[in-house]
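K.L.:
6 protein chains.
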Amino acid sequence: MATVHLIEYEEASPEVRAVYDDIRATRQSDFINNFWKALAHSPEQLKRTWEAVKVVMAPGALGALTKELIYIAISAANSCDYCIHSHTASARAKGMSETQYAELLAVIAMAHQTNGLATAMKVPVDPEFLVGGEGRGSLT
Amino acid sequence: MATVHLIEYEEASPEVRAVYDDIRATRQSDFINNFWKALAHSPEQLKRTWEAVKVVMAPGALGALTKELIYIAISAANSCDYCIHSHTASARAKGMSETQYAELLAVIAMAHQTNGLATAMKVPVDPEFLVGGEGRGSLT
Amino acid sequence: MATVHLIEYEEASPEVRAVYDDIRATRQSDFINNFWKALAHSPEQLKRTWEAVKVVMAPGALGALTKELIYIAISAANSCDYCIHSHTASARAKGMSETQYAELLAVIAMAHQTNGLATAMKVPVDPEFLVGGEGRGSLT
Amino acid sequence: MATVHLIEYEEASPEVRAVYDDIRATRQSDFINNFWKALAHSPEQLKRTWEAVKVVMAPGALGALTKELIYIAISAANSCDYCIHSHTASARAKGMSETQYAELLAVIAMAHQTNGLATAMKVPVDPEFLVGGEGRGSLT
Amino acid sequence: MATVHLIEYEEASPEVRAVYDDIRATRQSDFINNFWKALAHSPEQLKRTWEAVKVVMAPGALGALTKELIYIAISAANSCDYCIHSHTASARAKGMSETQYAELLAVIAMAHQTNGLATAMKVPVDPEFLVGGEGRGSLT
Amino acid sequence: MATVHLIEYEEASPEVRAVYDDIRATRQSDFINNFWKALAHSPEQLKRTWEAVKVVMAPGALGALTKELIYIAISAANSCDYCIHSHTASARAKGMSETQYAELLAVIAMAHQTNGLATAMKVPVDPEFLVGGEGRGSLT
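For the protein sequence lines, the chains are A, B, C, D, E and F, in the order given.
Take the first sequence: its position 53, counting from 1, is numbered 467 in our numbering, and each next residue is one higher.
Take the second sequence: its position 106, counting from 1, is numbered 520 in our numbering, and each next residue is one higher.
Take the third sequence: its position 110, counting from 1, is numbered 524 in our numbering, and each next residue is one higher.
Take the fourth sequence: its position 70, counting from 1, is numbered 484 in our numbering, and each next residue is one higher.
Take the fifth sequence: its position 9, counting from 1, is numbered 423 in our numbering, and each next residue is one higher.
Take the sixth sequence: its position 82, counting from 1, is numbered 496 in our numbering, and each next residue is one higher.
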């Protein structure tokens, strides 16, 4: 249960309805997910966050699916249950195959493992990795 | 400074040298980065981790660069300084453009922001996002 | 479901009852929340933690509500579901308005966003921010 | 060392200079801190983030200093070195006394401690803490 | 609810069944826990992870129970609900007494508390703690 | 550099000196590490934290070295650089062998890996793991 009441379209103020309308138009669907209904207590923050999401998640130099995969990975690292579920659903809706999902999970597992090791041993950064160094790639 | 001495090739045991040799052959470079030199105190774990990295980070249903971007994002979420630097260098070596990097950073910023909000408000997961639900995508 | 049985007043040992009695007297309410019932398996830790909470959360140079807002923010960053709910309830009981809550959420969102960015880019700390530097403030 | 070159005013594009100028005007100081110089590689994200910071961190139902204290607490929970230093400097510049800082640190210590305990024991949320429950406050 | 269907023995492929059979033989029990049923979508990762778990969690220079206590502590720090429950059950099955559990929780609380403090104050590492320094112990 | 000046014995107040004296007597060494010198700005918190550390880290149902290993693991999960270094030094001073350290690192790597996977897939907790269930152990 949320710490706030979820604001439905019918009870929303005009500013909130305007954002909900834009969410529906952008997605071409009536569905408004709970995140926005919770955030609607602050119409300014609702609008600002939604406007930013539209800009950031639009396809650009990175594809829309790649952006969703990155979002899932961060949400798992931050233990955000809601975001894990919403962005996994979103990635599937954008065409993520089960093989792609399995590879994403494998990278998640590998990164957490080496993050834990490198942090526990406080491994010093190789000068080659720094900007202005030789810029060699790593396999972790 | 690391919590362990970094083991150089010259002082390494034969099992460790065998892994170092494979790292060099795989990368087609003499460079062995500090992460492996620290892990070399445990030759079994060194070999197991390196073997897994080769499998996981190889191009597959996801491209090699996409995997690096996911790795950077997780490493930032886990505050792993070493991994942030090594995988940012690696992504650049694999062709990440500055525009792609800027978009990665924008997704990192957006995901952390909505992770914080969804967790703080304990937003309940929409049934549509669950497996067996309607599977609708989200814009967060 | 907890990893331990929750110890109710009726079944508690005298040392545990003494802490429960002090919780009730301090709060002027019969309510003992689950956190203490779980911690009661270790009467020493129960007593030590409760005594510290009373000292730390009492109004001082920071007001009691300000302390609750800080507690909510940390609990969200650490993904502690229990603590998010208990301290959001507590902040409301201490008079947090819905506008204050909306502003708290906005700061949570902003801090997570810039934390993610500054960590991902490993931004070096400006000398002006260090003790003994010029001590200039920042807008992040 | 950052993963990106820090963009100084002299080498900045007109859009970036416009943001830098607004930062200087808002702060009534020439000082531009490194966070913005790193973010300037993406003028759109620089402008969007700066505009949001100005809105979010302005005094409102919560005071400017209270917002800084919350920011420090989140930055510590997220291990963001840069943000810890920049917002501690900022809080001092906004008048944080050493006694207030000591109390902030005590709340940080207490919240981390009980976050760890409540999460490790998976303490179930009391119904009284939920919206629509009795809304009783807690001392953690 | 998981983001993936849980694969039961009856519907599993031969490679997956081979791992399930080994799990059952190793544990001398028919019980396959959900973690493996979720991971079974990637037979390669299932096998690799299981093989590693057997090596890592076997008694060695550290006892099997000590390894479980460390696993619980990390899982709590990472807010992994599943892992907290599975490894607390496992530690109990390996003989963890309630007194040992209480002491584990006390260390968890203390470490989180001092982690929060040392990070918030950015305490510099004493040279004595570094490899090649005097190597003196600490009480935190 | 710390966010606070480190208070040396010579400039400390009598209450702070009393704690420093007890630290020296308990350790049978003149060495006072930086953590306490930073915390000394709040004599009450210094004393309370030190008193708790003595109780919690003393050998009991868990040995002193086991407690240090758990502390290291949590500190790595929380990315606390200071605590990683101080407790790794402390574990070595208490007799941790390099083989024990290698096994600790292997458990850290394994736990982070499965934490990431279980969280990303939101694996539901098996009823057998809950208190009052059958209590079967797990290999993760």
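Note that CB positions come from ideal geometry on N, CA and C, so glycine has one too.
With a threshold of 8 Å on Cβ separation, who are the neighbours of valine 430 of chain C within its own chain once the five nearest residues in sequence on each side are excluded?
P.N.:
Translated into the one-based positions of the third sequence, residue 430 of chain C becomes position 16. Hits under 8 Å: Ile421, Ala454, Pro457, Leu460.
K.L.:
Residues of chain B with a CB under 9 Å from the CB of threonine 528 of chain D: which are they?
P.N.:
One-based indexing of the fourth sequence puts residue 528 of chain D at position 114. Going along chain B, no residue has its Cβ under 9 Å from threonine 528 of chain D, so there is no contact; the nearest lies around 17 Å.
K.L.:
Let me make sure I understand the geometry here. Which of B:Leu519, B:Ser504, B:Ser500 has the alpha-carbon closest to that of phenylalanine 449 of chain D?
P.N.:
Residue numbering aside, residue 449 of chain D sits at position 35 when the fourth sequence is read from its first letter. Taking only the C-alpha atoms, the option nearest phenylalanine 449 of chain D is B:Leu519.
K.L.:
Identify the contact partners of threonine 533 of chain B in chain F, using a Cβ-Cβ distance below 9 Å as the criterion.
P.N.:
If you number the second sequence from 1, residue 533 of chain B lands on position 119. The premise fails here: threonine 533 of chain B is roughly 13 Å from chain F at the closest Cβ pair, so nothing lies under 9 Å.
K.L.:
Taking C-alpha atoms, which residue in B:Tyr496, B:Asn447, B:Ala478, B:Gly477 lies nearest to alanine 534 of chain C?
P.N.:
Position 120 of the third sequence, counted from the start, is the residue given in the question as residue 534 of chain C. Among B:Tyr496, B:Asn447, B:Ala478, B:Gly477, the Cα nearest to that of alanine 534 of chain C is on B:Tyr496.
K.L.:
From the beta carbon of histidine 419 of chain B, is the nearest beta carbon of chain G less than 8 Å away?
P.N.:
Any reference to chain G falls outside this structure, whose protein chains are A, B, C, D, E and F.
K.L.:
Buried or exposed, going by whether 16 or more other CB atoms sit within 10 Å of the CB of phenylalanine 445 of chain F?
P.N.:
As a working note, residue 445 of chain F is residue 31 in the sixth sequence. Result: exposed.
K.L.:
Pair every Cβ in the segment 514-531 of chain F with every Cβ in the segment 477-484 of chain E, then say whether three or more of these pairs are closer than 8 Å.
P.N.:
yes
K.L.:
Note the first and the last residue of the continuous alpha helix (DSSP H) segment covering threonine 417 of chain A.
P.N.:
The residue given as residue 417 of chain A occupies position 3 in the first sequence. Premise fails: threonine 417 of chain A is in no alpha helix (DSSP H) and is neither H nor E.
K.L.:
Please report whether the beta-carbon of alanine 466 of chain E lies at a distance below 8 Å from any beta-carbon of chain B.
P.N.:
What you label residue 466 of chain E is simply residue 52 of the fifth sequence in a count that begins at 1. Yes, its Cβ sits closer than 8 Å to a Cβ of chain B.
K.L.:
Going residue by residue through the segment 423-455 of chain E, where are the continuous alpha helix (DSSP H) segments of at least 4 residues, counting only ones entirely within it?
P.N.:
428-441, 448-453
K.L.:
So proline 545 of chain E packs on threonine 417 of chain B, CB below 8 Å; how close in whole Å?
P.N.:
As a first step, residue 545 of chain E must be located in the fifth sequence, where it is residue number 131. As a first step, residue 417 of chain B must be located in the second sequence, where it is residue number 3. One detail in the question is off: residue 545 of chain E reads as valine in this sequence, not proline. Threonine 417 of chain B and valine 545 of chain E do touch by the CB rule: their CB atoms are close to 6 Å apart, below 8 Å.
K.L.:
Glutamate 465 of chain C: which of C:Pro541, C:Ala505, C:Asp436 sits nearest, CA to CA?
P.N.:
Within the third sequence, the letter at position 51 stands for residue 465 of chain C. Ranking the options by Cα distance to glutamate 465 of chain C, first place goes to C:Asp436.
K.L.:
Between aspartate 540 of chain E and asparagine 447 of chain F, how many whole angstroms is the CB-CB distance? I'm expecting something under 8 Å.
P.N.:
Residue numbering aside, residue 540 of chain E sits at position 126 when the fifth sequence is read from its first letter. Residue numbering aside, residue 447 of chain F sits at position 33 when the sixth sequence is read from its first letter. Aspartate 540 of chain E to asparagine 447 of chain F, Cβ: 5 Å. Contact.
K.L.:
Taking the alpha carbon of tyrosine 515 of chain B as the reference point, which residue from A:Gly477, A:Glu424, A:Val467 has its own alpha carbon closest?
P.N.:
Translated into positions along the second sequence, residue 515 of chain B becomes position 101. Selected option, being the one with the closest Cα: A:Gly477.
K.L.:
Could you spell out where the alpha helix (DSSP H) holding cysteine 497 of chain B opens and where it closes?
P.N.:
As a working mapping, residue 497 of chain B is identified with position 83 in the second sequence. Note, cysteine 497 of chain B: alpha helix (DSSP H), 495-507.
K.L.:
Is isoleucine 498 of chain F close to chain B, meaning its C-beta is less than 8 Å from at least one C-beta of that chain?
P.N.:
Locating residue 498 of chain F in the sixth sequence gives position 84, counting from the first residue. Yes, isoleucine 498 of chain F counts as interfacial toward chain B.
K.L.:
Excluding the 5 residues preceding and the 5 following tyrosine 485 of chain C in the sequence, name in chain order all residues of the same chain whose CB lies nearer than 6 Å to its CB.
P.N.:
Taking the third sequence and counting its residues from 1, the one referred to as residue 485 of chain C is at position 71. Same-chain partners within the cutoff: His501.
K.L.:
Here's the rule: buried if 16 or more other CB atoms are within 10 angstroms of the residue's CB, otherwise exposed. What is glycine 530 of chain F?
P.N.:
Counting from one through the sixth sequence, the residue named residue 530 of chain F turns up at place 116. Buried, because 16 or more other Cβ atoms sit within 10 Å of the Cβ of glycine 530 of chain F.
K.L.:
Which chain D residues are close to glutamate 512 of chain B, counting only those with a beta carbon under 8 Å from its beta carbon?
P.N.:
For the purposes of this step, residue 512 of chain B is identified with residue 98 of the second sequence, where counting begins at 1. Going along chain D in sequence order, the residues near glutamate 512 of chain B (Cβ under 8 Å) are His455.
K.L.:
Any C-beta of chain E sitting closer than 8 Å to the C-beta of serine 427 of chain C?
P.N.:
For the purposes of this step, residue 427 of chain C is identified with residue 13 of the third sequence, where counting begins at 1. Taking Cβ atoms only, chain E never reaches closer than 8 Å to serine 427 of chain C, which makes this a no.
K.L.:
Let's test the definition: count the other Cβ atoms within 10 Å of the Cβ of lysine 468 of chain C and tell me whether it reaches 16, buried, or not, exposed.
P.N.:
Reading the third sequence from its first residue, position 54 is the one you call residue 468 of chain C. Answer is exposed; the Cβ neighbour count stays below 16.
K.L.:
Find the nearest neighbour of asparagine 432 of chain C within the set C:Met415, C:Arg462, C:Ile498, judged by alpha-carbon distance.
P.N.:
Counting from one through the third sequence, the residue named residue 432 of chain C turns up at place 18. Inspection of the sequence shows that residue 432 of chain C is occupied by alanine rather than by asparagine. With distances taken between Cα atoms, alanine 432 of chain C lies closest to C:Arg462.
K.L.:
Thinking C-alpha only, which one of C:Lys451, C:Ala505, C:Ala490 is nearest methionine 471 of chain C?
P.N.:
For the purposes of this step, residue 471 of chain C is taken as residue 57 along the third sequence, with counting starting at 1. The shortest Cα separation from methionine 471 of chain C among C:Lys451, C:Ala505, C:Ala490 belongs to C:Ala505.
K.L.:
Using alpha carbons as the reference points, say which of D:Ser511, D:Val537, D:Pro428, D:Ala487 lies closest to histidine 499 of chain C.
P.N.:
Taking the third sequence and counting its residues from 1, one reaches residue 499 of chain C at position 85. Checked all of D:Ser511, D:Val537, D:Pro428, D:Ala487; the closest Cα to histidine 499 of chain C is D:Val537.
K.L.:
With 16 other CB atoms within 10 Å as the buried threshold, where does threonine 512 of chain A fall?
P.N.:
One-based indexing of the first sequence puts residue 512 of chain A at position 98. Rather than threonine, the amino acid found at residue 512 of chain A in this sequence is glutamate. It counts as exposed.
K.L.:
Judging by CA-CA distance, which residue of F:Lys451, F:Ala507, F:Ser427, F:Lys508 is the nearest neighbour of alanine 532 of chain E?
P.N.:
Position 118 of the fifth sequence, counted from the first residue, corresponds to residue 532 of chain E. The shortest Cα separation from alanine 532 of chain E among F:Lys451, F:Ala507, F:Ser427, F:Lys508 belongs to F:Lys451.
K.L.:
Let me see if you follow: with CB-CB separation under 8 Å, is alanine 523 of chain A close to chain F or not?
P.N.:
Here residue 523 of chain A is taken as the residue at index 109 of the first sequence, counted from 1. Yes, contact with chain F.
K.L.:
Any C-beta of chain E sitting closer than 8 Å to the C-beta of aspartate 435 of chain D?
P.N.:
Counted from its first residue, the fourth sequence places residue 435 of chain D at position 21. False, the Cβ-Cβ gap to chain E never drops below 8 Å.
K.L.:
Can you list, in chain order, the residues of its chain with a C-beta nearer than 7 Å to that of serine 489 of chain A? Leave out the 5 residues immediately preceding and following it.
P.N.:
In the first sequence, the residue the question calls residue 489 of chain A occupies position 75. Once the five neighbours on either side are set aside, the close Cβ partners of serine 489 of chain A are Cys497, Ile498, His501.
K.L.:
Answer with buried or exposed for glutamate 517 of chain D, where buried requires no fewer than 16 other C-beta atoms within 10 angstroms of its C-beta.
P.N.:
Locating residue 517 of chain D in the fourth sequence gives position 103, where the first residue counts as 1. It is buried - the Cβ of glutamate 517 of chain D has at least 16 other Cβ atoms within 10 Å.
K.L.:
Closer than 8 Å, CB to CB, is leucine 519 of chain D near chain A or not?
P.N.:
In the fourth sequence, residue 519 of chain D corresponds to position 105, counting from 1. Not closer than 8 Å to any Cβ of chain A, the Cβ of leucine 519 of chain D fails to qualify, so no.
K.L.:
Could you have a look at proline 457 of chain E and say whether DSSP puts it in helix, strand or coil?
P.N.:
Residue numbering aside, residue 457 of chain E sits at position 43 when the fifth sequence is read from its first letter. It is helical.
K.L.:
Taking C-beta pairs closer than 9 Å, name the residues in chain F that alanine 507 of chain D reaches, listed in chain order.
P.N.:
To locate residue 507 of chain D, count along the fourth sequence from 1; it is residue 93. The premise fails here: alanine 507 of chain D is roughly 13 Å from chain F at the closest Cβ pair, so nothing lies under 9 Å.
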